[in-house]
Amino acid sequence: MSEVEAVKAKIVETLVTEEASKCPLGVRLAWHSAGTYDKADGSGGTDGATMRFEPESTDGANAGLGIARDMMASVKASFPNVSNADIYALCGAASIEAAGGPTIPVGLGRTDAADGSKCPANGRLPDASQGAAHLRDVFYRMGFDDKEIVCLSGAHTLGKCHTVRYNLV
């Protein structure tokens, strides 16, 4: 088993229990980690795993993701040479695969920032309540087209909302 496959297996073991599958939370962690990316200047995104630090960790759009980051800490403990950034990316792929989706190739090599000095400002993640123009602004910044926006938006149909987990009361 390759290191990537071993990390994915540990992620699934961590997310899928007798009580519940937390794969939707794993997809959300990966997406929100990557969703701050700006194609124009290369800032934001998964590399650095900056969502561990303020202000990114406190962005309202990331509410509840501390749970997922805490869960992935056990994966990091099992694979200390794999960055948190790689674990977050692999978390999304492993979650989709465990939920019956396709195999998603993810390579290793992302790094972890030492602090929050490179955190993007809050507000870079999409807010569906602001309408289609806002979604296009956010996703175009990342280099997506309309078809890709629809596909990513459809990921919200995986799982269901838990008001306690996401603080959406």
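Residues in the sequence shown are numbered consecutively from 208, following the working numbering.
C-beta: ideal position from N, C-alpha, C; glycine also.
Since we're looking at a predicted model, the values are computed, not measured.
- Rounded to the nearest angstrom, the Cβ distance from C230 to S302 is 4 Å, consistent with a contact under 8 Å.
- For F260 and N269, the gap between their C-alpha atoms comes out near 12 Å.
- The beta carbons of A292 and D319 sit closer together than 9 Å.
- Closest in alpha carbon position to V219, among S250, R235, A300 and D245, is A300.
- Within the model, the alpha-carbon separation for A216 versus S228 is close to 14 Å.
- For K283, the enclosing alpha helix (DSSP H) stretches over residues L272 to S285.
- Closest in alpha carbon position to G314, among C298, P327, R331 and D322, is C298.
- In summary, K283 is buried, with 16 or more beta-carbon neighbours lying within 10 Å of its beta-carbon over all protein chains present.
- For A321, there is no enclosing alpha helix (DSSP H), since its DSSP letter is neither H nor E.
- About 6 Å separates the beta carbons of A296 and A237, which is inside the 8 Å limit, making them a contact pair.
- Within its own chain, the residues whose Cβ lies closer than 8 Å to the Cβ of A247, once the five positions on either side in sequence are excluded, are R348, listed in chain order.
- Boundaries of the alpha helix (DSSP H) around G233: C230 to A241.
- Here the alpha carbons of A256 and E212 stand approximately 20 Å from one another.
- Contact check for L222 against A305 passes: the beta carbons are separated by less than 9 Å.
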